[in-house]
Each structure stands twice: as structure tokens, then as C-alpha cells.
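UniProt numbering puts the first residue of the sequence shown at 1, with every later residue one more than the last. Virtual Cβ for every residue (Gly too), placed ideally from N, Cα, C.
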Amino acid sequence: MTRPHSDLLWPVERLPDALEQLAQRQGYGRAGGEISPPAAAVEPSRVWMFALGDRLGVELEPITPLYHELPDVLDRAAPCILQVRRDGVPSYLVLLGTRRGKLRLLARDATAVLVPKKSALALLREEQEATVAEVDQLLAGVEMSPRAREHARSKMLLQRLGQAQLRTGWIMRPRRTASRRTLLGDIPSLVAGILVSHTLLSLVLAGSFWLLGRAALQARLETGWFLGWIAVIACAIPLRMLEVWWQGVFSIRLGTLLKQQLLAGTLKLTPDEVRLDGIGRHFGRVAEAEVVEQLAVGGALLAVLSLVDLVMAGVILVLGAGGWPQTVVLVLWVVVAFVLARRHYGVQRAWSSSRVEITHDLLERMLGHRTRLAQLPLERWHDGEDVRLSSYSEVSKVMDRRTMQLTALLRDGWLVLALLTLLPAFSTGTANASALAVSVGGILLALRAFDEVAVYFQQVSQAAVSFEQIRDLLLAVGRPELESKVPLELEGGKPTDADSGTLIEARGLTFRHDARTRPVLENCSFQIARDDRILLEGPSGGGKSTLVSLLTGLRSPQGGVMLLHALDRATFGSSGWRKRITAAPQFHENHVLSGSFAYNLLLGREWPTSPELRAKAAALCKELGLDELIAKMPAGLDEMIGETGWQLSHGEKSRLYIARTLLQGVELVILDESFASLDPETMRVAQRCVLNHAKALVVVSHP
Numbered sequence: 001m002t003r004p005h006s007d008l009l010w011p012v013e014r015l016p017d018a019l020e021q022l023a024q025r026q027g028y029g030r031a032g033g034e035i036s037p038p039a040a041a042v043e044p045s046r047v048w049m050f051a052l053g054d055r056l057g058v059e060l061e062p063i064t065p066l067y068h069e070l071p072d073v074l075d076r077a078a079p080c081i082l083q084v085r086r087d088g089v090p091s092y093l094v095l096l097g098t099r100r101g102k103l104r105l106l107a108r109d110a111t112a113v114l115v116p117k118k119s120a121l122a123l124l125r126e127e128q129e130a131t132v133a134e135v136d137q138l139l140a141g142v143e144m145s146p147r148a149r150e151h152a153r154s155k156m157l158l159q160r161l162g163q164a165q166l167r168t169g170w171i172m173r174p175r176r177t178a179s180r181r182t183l184l185g186d187i188p189s190l191v192a193g194i195l196v197s198h199t200l201l202s203l204v205l206a207g208s209f210w211l212l213g214r215a216a217l218q219a220r221l222e223t224g225w226f227l228g229w230i231a232v233i234a235c236a237i238p239l240r241m242l243e244v245w246w247q248g249v250f251s252i253r254l255g256t257l258l259k260q261q262l263l264a265g266t267l268k269l270t271p272d273e274v275r276l277d278g279i280g281r282h283f284g285r286v287a288e289a290e291v292v293e294q295l296a297v298g299g300a301l302l303a304v305l306s307l308v309d310l311v312m313a314g315v316i317l318v319l320g321a322g323g324w325p326q327t328v329v330l331v332l333w334v335v336v337a338f339v340l341a342r343r344h345y346g347v348q349r350a351w352s353s354s355r356v357e358i359t360h361d362l363l364e365r366m367l368g369h370r371t372r373l374a375q376l377p378l379e380r381w382h383d384g385e386d387v388r389l390s391s392y393s394e395v396s397k398v399m400d401r402r403t404m405q406l407t408a409l410l411r412d413g414w415l416v417l418a419l420l421t422l423l424p425a426f427s428t429g430t431a432n433a434s435a436l437a438v439s440v441g442g443i444l445l446a447l448r449a450f451d452e453v454a455v456y457f458q459q460v461s462q463a464a465v466s467f468e469q470i471r472d473l474l475l476a477v478g479r480p481e482l483e484s485k486v487p488l489e490l491e492g493g494k495p496t497d498a499d500s501g502t503l504i505e506a507r508g509l510t511f512r513h514d515a516r517t518r519p520v521l522e523n524c525s526f527q528i529a530r531d532d533r534i535l536l537e538g539p540s541g542g543g544k545s546t547l548v549s550l551l552t553g554l555r556s557p558q559g560g561v562m563l564l565h566a567l568d569r570a571t572f573g574s575s576g577w578r579k580r581i582t583a584a585p586q587f588h589e590n591h592v593l594s595g596s597f598a599y600n601l602l603l604g605r606e607w608p609t610s611p612e613l614r615a616k617a618a619a620l621c622k623e624l625g626l627d628e629l630i631a632k633m634p635a636g637l638d639e640m641i642g643e644t645g646w647q648l649s650h651g652e653k654s655r656l657y658i659a660r661t662l663l664q665g666v667e668l669v670i671l672d673e674s675f676a677s678l679d680p681e682t683m684r685v686a687q688r689c690v691l692n693h694a695k696a697l698v699v700v701s702h703p
């Protein structure tokens, strides 16, 4: 490196300053103000880092790369910070990006420094490589050139340490609610590059049409003309390659952004919104989101490029034998194209809505098939199905006709009109060969554009219709989220009054579901202290699950106040409140995901997980009696479970859910009917484990 390590490594106590400068350089977030630094020489907790990201208005994502992954991380992870540990003391490299094959690092004096990638790799891998000193000892006794020695050393280290985990780093991203300009990043510059390369490519193609047309009309297709035509076509190859490359990058960037926004919007839906929409409409949203990504990202851009071709074709036709009359015909035909596209959009909108409704109805009928068989007479099992299918069939026929008009009429109609407008100049002989060749080039360029427009407009139309199905998810991204106002030094799951006093205090809580006039909870008051063990019983529909959702922050009370350590939810923020109170939902609302047993245990915690947390999870499973199950699994905690893996019984799933909740390390644990599917002996074991590990406990049960 050209500068000493001390200038490039940020100590832990200056980490807030490093991240704030990184955010400002990238145009993310905001100034953090006065932020208390973490304890010196101690790696900050993930909770502290997440809270720091909230203060700066950015998202921080932890990464724990493997030894062999580090080169790719350096190329792609910026902006990020990467941890270097020397003598047990952590410090950080602040990566801004890459330039000319080198890394741009932020020095401690706030200047950007270019550093060879090889030097940064050596610094980040230094701690792991010190554990295999025998590699250098082995190579010391072998005679070879320095270059060969370095190559052999890197290969041996990669073999020994390739799967070793490095220290945790953090990738910085803009918040999902950031401005459009911030979220788009370099996408506008990619679009500009695509437009420029496509314009040049179209000019080259038009020039090739002019060369070939002029030679043919003058009956002078000599070797020189032919070689010139080949040279012009050859110029189009690099331009086409560049355009395709940029289009691919554009599609990946915009598709990634769309998926991130949809996920952020989905996570902000309320429980009531998720329930009321139903499984069919949620499935339809997934399908429509895929349509938007595939068609809008590609089709919209290509449709714009086709319009660019039409504009260029109009300019070329003005210079040709047809002159302004031919250009006016082109403009009128473009108007006809928009009219046809508009009609097609209206029909496709009706067709898409009909398709979504049929999908929703089919899934709902599949889920309720047994209920239908039991409750409805045989002659009513298929009521309404023929009507829906018939309506869908009629709408499909109309859409097929509109599609045929759009694809066939545009291309062939333009060719006929263009040749008719060129006929007078050709038949009278008033135009020379060059002017006729220019007109032919413009006609062929417009013909190519109309041929593509017919396809791309269909894609854009379908994407626009599909967008209406997912628009509410994108709008949900902008919903305000409570941000923590707790001092940063108190973040990390520690209570503000950990030794004594009331944990939860509620006064006059009132909540009413939108579809009901009578409150589910009315004037509800209670207190929960540390070490409390509370059994909450009540009949079905009595408001137990609603109270649990209020305690966990999934719902907000419509009246009254609820305090945690004498602070309200607005002070802790939405995520801060949920980090301190966690519930295991009822069995039908809890899920085993397709993944390893350890992954399902540690949902909500960092992943990949630390050895310490993994050992804690294994010990907790043993207390819950799951050690026999884990011993049966060939891969132990790493065994794949779920739909495509090892199948768990109801009792095993219940204990998995209990362990998952206890491993969150929160102050209040709520178990909603978690013991219902356990036999008496297993239930006593599970209860003993919960009582030993929960700081405060609420168990919801039927009387």
C-alpha cells in the first residue's frame, strides 16, 4: 500500500464517523448528529449497528464472507466496511468502490485512496493466514522463483482456508424510502448509454440500406460498393454488443430494485391486510410481479428504442424522394399505432383482471375442498365455475383479435402506405437514385421499428395491467415507520431499567377491527414485571390474539397507552420494540421454511450464525428433548427440513417454534397456544425449559 495501515484502518470508536462519511459520499441517508461511539476495542453488536443505520437513514447488511469469496466481495460489495482484526482488536477498511483495477478506500483523513487489491486481500486475510504458518515453513525449504513461490502459497492457503469464515463486514444501501434519484443510482446513465449506442447503431443500419439501395438502383453493384456495405455492417457489431451488454446490466439493476421495493412493501402490510386479501390474491401478486419484472424492464426499454428508430426514420424520409408527405404519413401511422395499442390495453386489462379472479377462486376452492365436500350437496359443488370460464373465454377471444390487429396491421399497413407515397417520385423519374435509396433506407428502418413496436407494446401493456395488481405493495413502501429515539448506547436489547420495576404497563387499551363495530378490547389495563409468569386464558374470539399483536407491536392500539420501561412504542421505534418482545404465534400461523434445522431455529438472528449462538441453539434443543431427533438426522442441525426435506411431526414443530422464540434473547416471551399439540410428558419438559430461559413470560391458552 502507498499509505501506512494506520491511515486506512478505522478504529471501532470512530466507526460512526466512518459510516456517516461513507453515507454522505454515496448520497445516502442523512447526517447522524452527535452519536456516542461504541466501546473501544470491542466489536459492536449487530443490534447497535442496525440502530446506527437507522440514525444515519441507511440500511446496513451484515456479511461474513468465506476466505475464497473475498476477491468477489471486494469487487461487488462497495460501499461497505470490512473488519480487520490484529491482536484481537477490531478495526475497519471503508471500501468506496473500484477504479482501474484498484480499490478506492476512505482514509481516516476523509480522502479517497487507491490501493492495490492484492494488498487489501493480504490485510483482510492476515488473521486467518497466521493460523497456518506451516505453509510458509514448508515453502521455505523449496527452491523456486518468488513469483512461483507466491503462486504456490496462494493455492495452498486457498486449499486450507477456502471455507474459513472471515470477520463480519457491513454493506451499506439506501433506505427503501429514499428518493427515486438515490434508489435509481446509475440506472439513468445506463439508459443514456443504451440510447446513444442504439442511435448510432440505427444510423449505421440506415447507412447500409442507403449504400445497398443506391448501388442496386443504379445497377452498379460493383466490388467496391459491396465491400463498403460489408464495412458498414461490420461497424454495427461492436455497437450491438455494447447495447446488449448495457441492456443486460439495466435489466438486472432495475429488476433487483423492483424486487427490493416489493419485499419492503410486503413487510409493511398489516396482519389484517394479509388475512383479508386471501391466499389466491397473494399468489396472483407473485405471478404479476414476475410479469412486471420480465416484461416492463425489457419491453419498456425496447419500446422506447423502437420509438427512437421511428423518429430517425422520419428524419431520413424527409431527406429522401418521398419528402414531407411520406414523413406525414409516418406520423399518422404512429398515431394509428397508439390508438391500436390503447384499445389493446383496455382489453388486456379486463383479461388480466379476469385471470387473477379465476386464479384466486381456484386456490380458495382447492384450500376449502374438504369443507365444500362436507357442507354442500353434490349438485352445488361446481356452482359458478362455468360462468367464470365462459366470461374468461369471451374476453380472451376479444384480446386475441386486438393482438392480431396490432401485430399484423402495423407492419404490413406501413409497408403498403410507404410504397404508395413513394410511387409518384419513382414513376415520374423526378428523383435520383440517391434520394430513392435514402427513402428505401427510411422505409426499412421504420418497418423494423413497427415490427418491434407491435411486440413490445404488447409487453408494456401487459406489464401495465400487472402493475395495477402490485401497486399497493409499492405504495406501502412509503408508509412511515417509527424510528428509535433510544440513546444509541442503550441499544442492544438491554432495558433502560434492567434491575427492577415494571416491564410493561398498559392503561385503557382499546382496539376495534375495521369490519366490526364492537371493540375487541376496551379499557384494558395491566402490568407485567420482570420474572413474571402469566397465564392468559379466555374463550375463542375473546381478544387474546389481538392483545398479543398489540404487545408485540404488530398492531397499534386505537385508544389508551402501552409503555415498555416507561417508554412508548414511538420512542423505541417499530423494530426496537419487536427486538424486546417476541411471540410464538398459533400453530396455523407459524411455519417451517425450506432450509436447514439450524436456519429455522435461528430465524430472526444473524445468518450465517456464530459458533456461540449455534452452540446455544443445540443446548436449548437438548433441553426441549429435540436432541434425539437431531441425532437421527444425517446432517444434524444442518439437515434440510420443510416441504422438500425431513418432515417434522406437530409436536416437533411446536418445540421448534418454542426454541426459535427463546433464542431471540428478548425481555418478554409470549407463547400463543404453543403447548397445545404436546403430550403431557413432553409438555412438562417444554414448560420447564421455557421457565428457565424466559425473562418474563405470557402463555396464552384456552380454559
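Buried versus exposed call for residue i [16 or more other C-beta atoms within 10 Å across all chains shown]
{"i": "residue 410", "result": "buried"}
{"i": "residue 692", "result": "exposed"}
{"i": "residue 670", "result": "buried"}
{"i": "residue 611", "result": "exposed"}
{"i": "residue 237", "result": "exposed"}
{"i": "residue 293", "result": "buried"}
{"i": "residue 332", "result": "exposed"}
{"i": "residue 600", "result": "buried"}
{"i": "residue 338", "result": "exposed"}
{"i": "residue 144", "result": "exposed"}
{"i": "residue 312", "result": "buried"}
{"i": "residue 115", "result": "buried"}
{"i": "residue 158", "result": "exposed"}
Beta-carbon spacing of residue i, residue j below 9 angstroms
{"i": "residue 67", "j": "residue 306", "result": "no"}
{"i": "residue 473", "j": "residue 261", "result": "yes"}
{"i": "residue 617", "j": "residue 663", "result": "yes"}
{"i": "residue 396", "j": "residue 324", "result": "no"}
{"i": "residue 314", "j": "residue 413", "result": "no"}
{"i": "residue 417", "j": "residue 426", "result": "no"}
{"i": "residue 112", "j": "residue 171", "result": "no"}
{"i": "residue 699", "j": "residue 536", "result": "yes"}
{"i": "residue 84", "j": "residue 60", "result": "no"}
{"i": "residue 336", "j": "residue 398", "result": "no"}
For residue i, the three-state DSSP class (helix, strand or coil)
{"i": "residue 139", "result": "helix"}
{"i": "residue 611", "result": "helix"}
{"i": "residue 432", "result": "coil"}
{"i": "residue 579", "result": "coil"}
{"i": "residue 572", "result": "helix"}
{"i": "residue 682", "result": "helix"}
{"i": "residue 586", "result": "coil"}
{"i": "residue 673", "result": "coil"}
{"i": "residue 108", "result": "coil"}
{"i": "residue 165", "result": "strand"}
{"i": "residue 527", "result": "strand"}
{"i": "residue 502", "result": "strand"}
{"i": "residue 652", "result": "helix"}
{"i": "residue 519", "result": "coil"}
{"i": "residue 132", "result": "helix"}
{"i": "residue 79", "result": "coil"}
{"i": "residue 702", "result": "coil"}
{"i": "residue 7", "result": "helix"}
Presumed contact (8 angstroms Cβ cut-off) between residue i and residue j, rounded CB distance
{"i": "residue 246", "j": "residue 190", "result": "6 angstroms"}
{"i": "residue 285", "j": "residue 469", "result": "6 angstroms"}
{"i": "residue 666", "j": "residue 582", "result": "5 angstroms"}
{"i": "residue 696", "j": "residue 530", "result": "6 angstroms"}
{"i": "residue 18", "j": "residue 81", "result": "7 angstroms"}
{"i": "residue 58", "j": "residue 173", "result": "7 angstroms"}
{"i": "residue 37", "j": "residue 91", "result": "Not a contact, Cβ separation roughly 13 angstroms."}
{"i": "residue 689", "j": "residue 623", "result": "4 angstroms"}
{"i": "residue 534", "j": "residue 504", "result": "Actually they do not touch by this definition, with Cβ atoms about 10 angstroms apart."}
| said: Under 8 angstroms, with one C-beta from each stretch per pair, do the segment 91 to 98 and the segment 179 to 193 reach the 3-pair mark? | reply: With contact defined as three or more Cβ pairs closer than 8 angstroms, the segment 91 to 98 and the segment 179 to 193 are not in contact.
| said: Under 8 angstroms, with one C-beta from each stretch per pair, do the segment 441 to 452 and the segment 241 to 251 reach the 3-pair mark? | reply: no
| query | Hey, is the segment 202 to 211 in contact with the segment 164 to 178, meaning 3+ C-beta pairs nearer than 8 angstroms? | reply | Touching, no.
| message | Taking 8 angstroms as the cut-off, does the segment 634 to 651 touch the segment 585 to 600 (at least 3 CB pairs, one atom from each stretch)? | response | yes
| message | Would you call the segment 505 to 513 in contact with the segment 555 to 571, where contact means no fewer than 3 C-beta pairs closer than 8 angstroms? | response | Taking one beta carbon from each stretch, the segment 505 to 513 and the segment 555 to 571 have 3 or more pairs nearer than 8 angstroms; the two touch.
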